[in-house]
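Enquirer: Here the protein sequences line up with chains A and S, keeping their order.
Under the working numbering, the residue at position 408 of the first sequence is numbered 413, and the numbers go up by one with no gaps.
Under the working numbering, the residue at position 20 of the second sequence is numbered 197, and the numbers go up by one with no gaps.
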Amino acid sequence: MITFLVILSYAIKVPNTFLVYQILKSFLPMRGPLVVRLLAFAGCAAITDAIIYTGDSVNFIGGFALFIICMLVFYRGGTVPKLSIVLIIYPMIVSMNFLTQDIGHQVFRMLPVQTEVISIAIHAASLGLRTVLWVFISRLSRQWTRNILKLLNIKMWLLLDSVCIAILTALFVVLNFGSEITQIAYPVALASIIAVLGCIYLAGYIADSVQTRYRLRDLQLEYEYYKGKQNDEERIRAVYHDMKNHLLLLQSASGGEDAMKMITSLQDQISSYENYFKTGNTFLDVILRDKAEKAKERGIDFSVMLHFEDGGFLEPLDISAIFGNAIDNAIEASLKLPVSRRLITVKANRVRDMLSIVIENHTAGEADLLLETTKQDKLLHGLGLKSIEQSTEKYGGQCSVKQADGRFILTIIIPIP
Amino acid sequence: MYHIAICDDEKQFVRELQKSIYQYAKEKGVEIKVTPYSDGLELTQNYSMDIHLIFLDIKMAHIDGLQAAKAIRQMDSKVSIIFLTSMAQYALEGYKYNATNFIIKPIRYVRLKEELDRWLKLYRQEEQEYILVTNDTGKHKVFLNSLQYIETFGRNLMVHTEQENIISYRKMKDYETELPPTRFVRCHASYLTNLFFVKSVKKLEILLTNGERIPISQPRRKTVMDKLAEYWGDRL
Numbered sequence: 006m007i008t009f010l011v012i013l014s015y016a017i018k019v020p021n022t023f024l025v026y027q028i029l030k031s032f033l034p035m036r037g038p039l040v041v042r043l044l045a046f047a048g049c050a051a052i053t054d055a056i057i058y059t060g061d062s063v064n065f066i067g068g069f070a071l072f073i074i075c076m077l078v079f080y081r082g083g084t085v086p087k088l089s090i091v092l093i094i095y096p097m098i099v100s101m102n103f104l105t106q107d108i109g110h111q112v113f114r115m116l117p118v119q120t121e122v123i124s125i126a127i128h129a130a131s132l133g134l135r136t137v138l139w140v141f142i143s144r145l146s147r148q149w150t151r152n153i154l155k156l157l158n159i160k161m162w163l164l165l166d167s168v169c170i171a172i173l174t175a176l177f178v179v180l181n182f183g184s185e186i187t188q189i190a191y192p193v194a195l196a197s198i199i200a201v202l203g204c205i206y207l208a209g210y211i212a213d214s215v216q217t218r219y220r221l222r223d224l225q226l227e228y229e230y231y232k233g234k235q236n237d238e239e240r241i242r243a244v245y246h247d248m249k250n251h252l253l254l255l256q257s258a259s260g261g262e263d264a265m266k267m268i269t270s271l272q273d274q275i276s277s278y279e280n281y282f283k284t285g286n287t288f289l290d291v292i293l294r295d296k297a298e299k300a301k302e303r304g305i306d307f308s309v310m311l312h313f314e315d316g317g318f319l320e321p322l323d324i325s326a327i328f329g330n331a332i333d334n335a336i337e338a339s340l341k342l343p344v345s346r347r348l349i350t351v352k353a354n355r356v357r358d359m360l361s362i363v364i365e366n367h368t369a370g371e372a373d374l375l376l377e378t379t380k381q382d383k384l385l386h387g388l389g390l391k392s393i394e395q396s397t398e399k400y401g402g403q404c405s406v407k408q409a410d411g412r413f414i415l416t417i418i419i420p421i422p
Numbered sequence: 178m179y180h181i182a183i184c185d186d187e188k189q190f191v192r193e194l195q196k197s198i199y200q201y202a203k204e205k206g207v208e209i210k211v212t213p214y215s216d217g218l219e220l221t222q223n224y225s226m227d228i229h230l231i232f233l234d235i236k237m238a239h240i241d242g243l244q245a246a247k248a249i250r251q252m253d254s255k256v257s258i259i260f261l262t263s264m265a266q267y268a269l270e271g272y273k274y275n276a277t278n279f280i281i282k283p284i285r286y287v288r289l290k291e292e293l294d295r296w297l298k299l300y301r302q303e304e305q306e307y308i309l310v311t312n313d314t315g316k317h318k319v320f321l322n323s324l325q326y327i328e329t330f331g332r333n334l335m336v337h338t339e340q341e342n343i344i345s346y347r348k349m350k351d352y353e354t355e356l357p358p359t360r361f362v363r364c365h366a367s368y369l370t371n372l373f374f375v376k377s378v379k380k381l382e383i384l385l386t387n388g389e390r391i392p393i394s395q396p397r398r399k400t401v402m403d404k405l406a407e408y409w410g411d412r413l
């Protein structure tokens, strides 16, 4: 019985360690080789299992030091984020271990019969309780901390650190210089866990808002680019018009045969310029011309039928967010196909009091439809999709995405105010 | 059987397109008849009402494709027209003639297939013409293109069509499964609406073309918008 319980409590330590390991990995990338990973796992095991009693500052500081060393040695990334993660996670481990251990201890002391079996059983139960808590925490942190490393700058990390240092100090003082009655430290430990969760959420929140800001800046840049191009376009159109007339005039003035040949050839050459789009919205014309060129260079069959005179209520920034992103995604997805299957269709029109938009492209067909490729396609489309969504929802509209029969279809409907 | 017309004065192009369409018919296992015309007048003067789809070139010698389309639309509002052009700038005009698309020549097979797939899918979707509503006054034939919406009416249902309101003793669920899901949306526990008649969508309300208002229940709004986007997207 005793051996069973001992084995059980060791077994429970494995998932605990694994969860902590996963949480750390979700923050920071590891260094490559398997050996490093194994060592990191071992380090995690030691840290996760840290035994915290009141008045035992050696274990407290030792665990902290070990944690810092593990982070510095086994993980990639800057020193500040690494130390910050120690500061965020360590109070959690300390509080949790202290709470589960000490509560177990108190329960044991209150029991009428005190045998070794019961002691070990309580120990195992307290470890099991930790597993539950770690599962909960790892769920939350995974949700909150996506891409956190890339998005937070040193200042933000230091801000988080300042909060976490306060928590850690409070824990250290209460645990090591507090009273003999351990229960007094409970509220502090509990508050630490909550505060740390708050910190993780805050970090995620900051990262998210940073990301939004970046996206907006990208859009702004694109918008400026098209605005610049719009002027060019008008100038070239004027030149084109003049040139055509000059050539007609020259032709009627009847020069030599060579001159005539030259004129015809020139006419042919500039006629390709007639490939500009007229959608009823000049800003959209420029975007389409740009994207059509890009698509044609890549051998994509690019077809447009757009009536956008009633789209004037959309801000240019949103027009470029919707069409720019959608067509870029479509082009990128097309590149994965053989040239003979590359195809993009863009359509938009007013229907009743709504604006309907469709952007469609081919994707890998049923035959080569592997789960992985579709996932990747979705991810790819996902990048721009967010800002398309934002731009349509701003006007009470909605965009919906369908992938079937080797096609990716994005449809948008926006009520016209 | 589907009847497709090609109208273009470039003989070589017509031959190639015809060949491609037959190739498509063979691949898909659908029966398609192709009639070539070399001129807009030839097509419009002896216009045959059994044509389902026309590939119409814009630049032709006698009358241009846009004029021909205008004349055809006066005789036949239902036939689908796909314009053929060498310039992209006509993109704007397409919807004026109720065109299915503008294709820039030369047509690649992938584009032809796409257009025909799309057209066939829509054509088949529209094939179901009517449902039967039975009540104590008899059997009523209700055409789907005149059925505006169905609402709960006491313990029964009221079927609203452009012409009349018909009471029905069946369940909403029955109609929801019987009517094509791409064309009708259950926007509210007591309403099933034909997307064709939706004029606009306010926050939690559908405005119909006849001015009536139909409520949307909050959890169904996303579905309503999705279906609406898809419905009109398919028909653009």
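Here a beta-carbon is modelled for each residue, glycine too, at the ideal position from N, C-alpha and C.
In terms of DSSP beta bridges, what is A/Leu33 paired with?
Expert: Answer by DSSP bridge pairing: none, since A/Leu33 is not bridged.
Enquirer: Would the beta-carbon of A/Met76 fall within 8 Å of that of A/Ile66?
Expert: Taking 8 Å as the Cβ cut-off, A/Met76 and A/Ile66 do not qualify as a contacting pair.
Enquirer: Judging by CA-CA distance, which residue of A/Thr59, A/Leu360, A/Val363 is the nearest neighbour of A/Asp107?
Expert: The candidate whose alpha carbon is nearest that of A/Asp107 is A/Thr59.
Enquirer: Could you give the DSSP three-state label for A/Lys232: helix, strand or coil?
Expert: Note: A/Lys232 maps to helix in three-state DSSP.
Enquirer: Of the choices A/Lys296, A/Ile211, A/Ser392, whose alpha-carbon is the least far from that of A/Asp323?
Expert: Checking every option, the nearest Cα to that of A/Asp323 belongs to A/Ser392.
Enquirer: Could you tell me how far apart the beta carbons of A/Lys133 and A/Ile17 are, in whole angstroms, since I believe they sit closer than 8 Å?
Expert: Position check: residue 133 of chain A holds Gly in this sequence, whereas Lys was assumed. Going by Cβ atoms, the distance from A/Gly133 to A/Ile17 rounds to 6 Å, so yes, they are a contact pair.
Enquirer: Kindly say whether A/Ile417, judged by its beta-carbon, lies nearer than 8 Å to any beta-carbon of chain S.
Expert: Taking Cβ atoms only, chain S reaches closer than 8 Å to A/Ile417, which makes this a yes.
Enquirer: Could you give the C-beta distance for A/Leu348 and S/Val287, rounded to a whole number, given that I count them as a contact under 8 Å?
Expert: Yes, they are in contact, since the Cβ atoms of A/Leu348 and S/Val287 sit about 5 Å apart, within 8 Å.
Enquirer: Check the Cβ-Cβ distances between A/Arg357 and every residue of chain S, and say whether any is below 8 Å.
Expert: Taking Cβ atoms only, chain S reaches closer than 8 Å to A/Arg357, which makes this a yes.
Enquirer: Given that a residue counts as buried once 16 or more other Cβ atoms are within 10 Å of its Cβ, and exposed if not, what is S/Leu230?
Expert: Burial call: buried.
Enquirer: With a threshold of 8 Å between beta-carbons, can A/Gln235 be considered close to chain S, or not?
Expert: No - not a single Cβ of chain S is within 8 Å of the one on A/Gln235.
Enquirer: Out of S/Leu194, S/Glu407, S/Arg412, S/Arg363, state which residue places its alpha-carbon closest to the alpha-carbon of S/Pro392.
Expert: Comparing Cα-Cα distances from S/Pro392 to each of S/Leu194, S/Glu407, S/Arg412, S/Arg363, the minimum goes to S/Arg363.
Enquirer: Does A/Arg346 come within less than 8 Å of chain S when only Cβ atoms are used?
Expert: With 8 Å as the cut-off, A/Arg346 counts as an interface residue toward chain S.
Enquirer: Taking S/Asp234 as part of the beta strand (DSSP E), name the residues at either end of that continuous run.
Expert: Element bounds for S/Asp234: 230–234.
Enquirer: Smallest Cα separation from A/Ser325: which of A/Ser131, A/Tyr231, A/Glu398?
Expert: The shortest Cα separation from A/Ser325 among A/Ser131, A/Tyr231, A/Glu398 belongs to A/Tyr231.
Enquirer: Just to confirm, is the Cβ distance from A/Ala104 to A/Ala175 under 8 Å?
Expert: First, the amino acid is wrong: residue 104 of chain A is Leu here, not Ala. No, these two residues do not count as a Cβ contact at 8 Å.
Enquirer: List the whole-angstrom C-beta distance separating S/Leu369 from S/Glu353, where the pair is believed to meet the contact cut-off of C-beta under 8 Å.
Expert: Right, their Cβ atoms sit about 6 Å apart.
Enquirer: Strictly by DSSP, which residues pair up with A/Met310?
Expert: Paired residue(s): A/Lys352.
Enquirer: Since A/Ile170 contacts A/Leu92 with CB under 8 Å, what's their CB separation in whole angstroms?
Expert: Yes, A/Ile170 and A/Leu92 are in contact; Cβ-Cβ is about 6 Å, under 8 Å.
Enquirer: Taking Cβ positions only, does A/His246 come closer than 8 Å to chain S?
Expert: So no, A/His246 is outside the interface.
Enquirer: Could you check the C-alpha separation between A/Met115 and A/Ile127 for me, to the nearest Å?
Expert: So the two alpha carbons sit approximately 12 Å from each other.
Enquirer: Does chain S have any CB closer than 8 Å to the CB of A/Lys407?
Expert: Yes, A/Lys407 lies at the interface with chain S (some Cβ there is under 8 Å from its Cβ).
Enquirer: Could you pull the start and end residues of the beta strand (DSSP E) that A/Ala409 belongs to?
Expert: Here the beta strand (DSSP E) through A/Ala409 covers 403–409.
Enquirer: Measure the C-alpha to C-alpha separation of A/Val291 and S/Ala406 and round it to an integer number of angstroms.
Expert: Straight-line Cα distance between these residues: approximately 25 Å.
Enquirer: How is S/Ile308 classed by DSSP in three states: helix, strand or coil?
Expert: Of the three classes helix, strand and coil, the one that applies to S/Ile308 here is strand, per DSSP.
Enquirer: Contact defined as beta carbons within less than 8 Å: I believe A/Leu311 pairs with A/Leu289. What is the distance between those atoms, to the nearest angstrom?
Expert: Yes, they are in contact, since the Cβ atoms of A/Leu311 and A/Leu289 sit about 7 Å apart, within 8 Å.
Enquirer: Are the CB atoms of A/Ile172 and A/Pro96 nearer to each other than 8 Å?
Expert: Cβ distance < 8 Å, so A/Ile172 and A/Pro96 count as in contact.
Enquirer: Among the candidates S/Ile259, S/Tyr326, S/Glu389, whose CA atom is the shortest distance from the CA of S/Trp296?
Expert: Among S/Ile259, S/Tyr326, S/Glu389, the Cα nearest to that of S/Trp296 belongs to S/Ile259.
Enquirer: Would the segment 44–54 of chain A count as touching the segment 17–33 of chain A if we require 3 or more Cβ pairs under 8 Å?
Expert: In short, these stretches touch, since the Cβ pair count reaches three.
Enquirer: Note down, in chain order, every chain A residue with its Cβ under 8 Å from the Cβ of S/Phe279.
Expert: Near S/Phe279 (Cβ distances below 8 Å), the residues of chain A are Ser308, Val309, Met310.
Enquirer: Whether or not the segment 337–351 of chain S and the segment 396–411 of chain S are in contact is what I'm after, with contact meaning three or more pairs of Cβ atoms, one per stretch, closer than 8 Å; do they touch?
Expert: These segments do not touch.
Enquirer: A/Gly401 and A/Ala331: beta carbons closer than 8 Å?
Expert: Not in contact: A/Gly401 and A/Ala331 (Cβ atoms no closer than 8 Å).
Enquirer: Using a C-beta cutoff of 8 Å, does S/Tyr272 count as contacting chain A?
Expert: For S/Tyr272, the answer is yes, since a Cβ of chain A falls inside 8 Å of its Cβ.
Enquirer: Please report the straight-line C-alpha distance between S/Leu220 and A/Glu320, rounded to a whole angstrom.
Expert: Between S/Leu220 and A/Glu320, the C-alpha separation is close to 44 Å.
Enquirer: Just reading off the beta strand (DSSP E) that S/Lys379 is part of, what are its end residues?
Expert: Segment 375–379, the beta strand (DSSP E) holding S/Lys379.
Enquirer: May I ask you to report which of helix, strand or coil DSSP gives S/Gln325?
Expert: Of the three classes helix, strand and coil, the one that applies to S/Gln325 here is strand, per DSSP.
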